[in-house]
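Peer 1: Numbering (the numbering used here), first residue to last: 150 to 463.
Positions of the beta carbon are idealized from the N, C-alpha and C atoms, including for glycine.
I have a structure here, written as structure tokens, and I will follow up with some questions on it.
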Amino acid sequence: MQQLERDDEERYRDIFAAAGLRKSHLIFPVFVSDKPGKIESMPGMTVTPVEKITEHVQTIIGSGIPSLIVFGIPKSRDRSGSSASNRKGVVQRAVRAIKSSYGSSVNVLTDVCVCQYNPSGHCGIVSSNRVDNDATLRVLAEIAASHAEAGADVVAPSSMMDGQVRAIKGALGGFTKTMIFSYSAKHASSLYAPFRSVAFAKKRSRFDKSSYQVPYANPRQVLLEIETDINEGADMVMIKPALAYLDLVRMVKDKFSYPVAVQNVSGEYAMIKAAAMRGLVDEEEWKVCSIASIKRAGADRIISYFALDVSKYL
Ligand SMILES: [Zn+2]
150 MQQLERDDEE RYRDIFAAAG LRKSHLIFPV FVSDKPGKIE SMPGMTVTPV EKITEHVQTI
210 IGSGIPSLIV FGIPKSRDRS GSSASNRKGV VQRAVRAIKS SYGSSVNVLT DVCVCQYNPS
270 GHCGIVSSNR VDNDATLRVL AEIAASHAEA GADVVAPSSM MDGQVRAIKG ALGGFTKTMI
330 FSYSAKHASS LYAPFRSVAF AKKRSRFDKS SYQVPYANPR QVLLEIETDI NEGADMVMIK
390 PALAYLDLVR MVKDKFSYPV AVQNVSGEYA MIKAAAMRGL VDEEEWKVCS IASIKRAGAD
450 RIISYFALDV SKYL
């Protein structure tokens with residue numbers, strides 16, 4: 150006899166178990182700033198001021214999730230994105246605080262990019278209406294070194310500049326334990342809009358980054374970007390967004406047998422939240438199924454705003 154109504158929690162636990170998901174696979178994103186704030190476009194997510202970061206991290210560690218990735222939202226921007234590599238920048242102060250409180254009991258990843266730090270909102274340094282790849286590499290290298298110096302275990306370049314892994318590897322020099330997880334295949338997508346509406350000046354959420362991000366229609370380019378980053382020495386390659394790209398996750402896993410992380414981005418979070426708030430889908434079921442599907446596709450690590458919520462089923 151089949152029991153008609155199974156307990157939801159038991160069902161979610163079974164889904165994760167079948168996908169082979171463990172808490173150690175999850176990475177929770179953290180936004181740090183000098184002032185706190187709610188994120189209207191991402192219900193349930195908050196911006197944490199640096200002085201409160203250790204409390205926030207205690208909640209993450211308490212859930213059993215061992216890893217987090219820090220995204221900084223600075224007070225001001227300038228053309229060269231100089232606050233991104235400042236020893237006293239928001240990310241550097243946050244990482245120092247986290248590591249001095251929790252040491253090796255938490256893995257701290259940092260987002261390495263300039264888009265939150267320069268007025269254009271682009272992931273590269275803009276001059277003469279163009280993104281200057283090589284000038285950006287120098288800045289990314291300085292940012293990564295400053296994060297490593299603050300104690301980051303992993304730096305995660307997300308600017309999609311050519312040569313970003315090689316440039317950062319060169320700059321890390323003496324920080325031999327700092328790993329590089331590269332956003333190798335970051336697709337141009339409107340699914341970043343909820344995050345951008347928090348992080349970017351003048352509430353702009355639409356940017357055309359198609360000249361340096363990967364187009365949806367070109368899986369061959371994804372494979373090329375991944376291969377390049379592996380050759381340049383990335384410790385893990387990353388793909389984002391997640392749900393409409395899971396075939397690529399499997400393709401990359403099969404072709405390279407290399408560690409792959411996937412980011413379940415803000416738009417993917419917001420879609421489930423918004424639909425659930427209108428009573429159109431069951432939020433709990435869809436966050437569980439979407440995370441399970443990313444694992445099933447072959448992701449070794451999953452960065453997700455749902456990580457904390459779903460950890461209770463693991
Ligand atoms: Zn960026």
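Anything with a beta carbon under 6 Å from a heavy atom of ligand 1 counts; list them all in chain order.
Peer 2: Cβ-based neighbours of ligand 1 within the cut-off: C262, C264, C272, S307 and S308.
Peer 1: Since V314 and V257 are thought to touch, with beta carbons under 8 Å apart, how far apart are those beta carbons, to the nearest angstrom?
Peer 2: Translated into the one-based positions of the sequence shown, residue 314 becomes position 165. Translated into the one-based positions of the sequence shown, residue 257 becomes position 108. So it is not a contact: roughly 19 Å between Cβ atoms.
Peer 1: Give the straight-line distance between the Cα atoms of F356 and C264, rounded to the nearest whole angstrom.
Peer 2: Within the sequence shown, the letter at position 207 stands for residue 356. Within the sequence shown, the letter at position 115 stands for residue 264. Answer to the nearest angstrom: the Cα atoms are 11 Å apart.
Peer 1: Would you kindly work out how many angstroms separate the C-alpha atoms of V401 and G382, rounded to a whole number?
Peer 2: Working through the sequence shown from its first residue, we reach residue 401 at position 252. Working through the sequence shown from its first residue, we reach residue 382 at position 233. Whole-angstrom Cα-Cα distance: 16 Å.
Peer 1: For V288, which beta-bridge partners are listed by DSSP?
Peer 2: In the sequence shown, residue 288 corresponds to position 139, counting from 1. BP columns for V288 are empty, so no partner.
Peer 1: So which of M426, Q370, A334 and V363 has the shortest CA-CA distance to V409?
Peer 2: Looking up residue 409 in the sequence shown gives position 260. Considering only alpha carbons, the answer is A334.
Peer 1: In terms of alpha-carbon separation, which member of L321, A284, P364 and S225 lies closest to S339?
Peer 2: In the sequence shown, the residue the question calls residue 339 occupies position 190. Among L321, A284, P364 and S225, the Cα nearest to that of S339 belongs to P364.
Peer 1: Go through its chain and collect everything with a Cβ distance to L395's Cβ below 7 Å, but skip five positions before and after it.
Peer 2: Within the sequence shown, numbered from 1, the residue matching residue 395 stands at position 246. Only S442, I443 and A446 meet the Cβ criterion.
Peer 1: Quick check on R450: buried or exposed, where buried means 16 or more other Cβ atoms within 10 Å of its Cβ?
Peer 2: Residue numbering aside, residue 450 sits at position 301 when the sequence shown is read from its first letter. So R450 ends up on the buried side.
Peer 1: Alpha carbon to alpha carbon, how far is T195 from V239?
Peer 2: Taking the sequence shown and counting its residues from 1, one reaches residue 195 at position 46. Taking the sequence shown and counting its residues from 1, one reaches residue 239 at position 90. If I take the Cα positions, the gap works out to 15 Å.
Peer 1: What is the DSSP secondary structure of V430, reduced to helix, strand or coil?
Peer 2: Counting from 1 along the sequence shown, the entry for residue 430 is found at position 281. Residue state, collapsed to three classes: coil.
Peer 1: Mind listing, in chain order, the continuous alpha helix (DSSP H) runs of no fewer than 4 residues lying wholly within the stretch 200 to 256?
Peer 2: If we require 4 residues or more, the alpha helix (DSSP H) runs fully inside the stretch 200 to 256 come out as 202 to 211 and 239 to 251.
Peer 1: Just grab the DSSP bridge partners of D281 for me.
Peer 2: The residue labelled residue 281 in the question sits at position 132 within the sequence shown. Its beta-bridge partners are I274.
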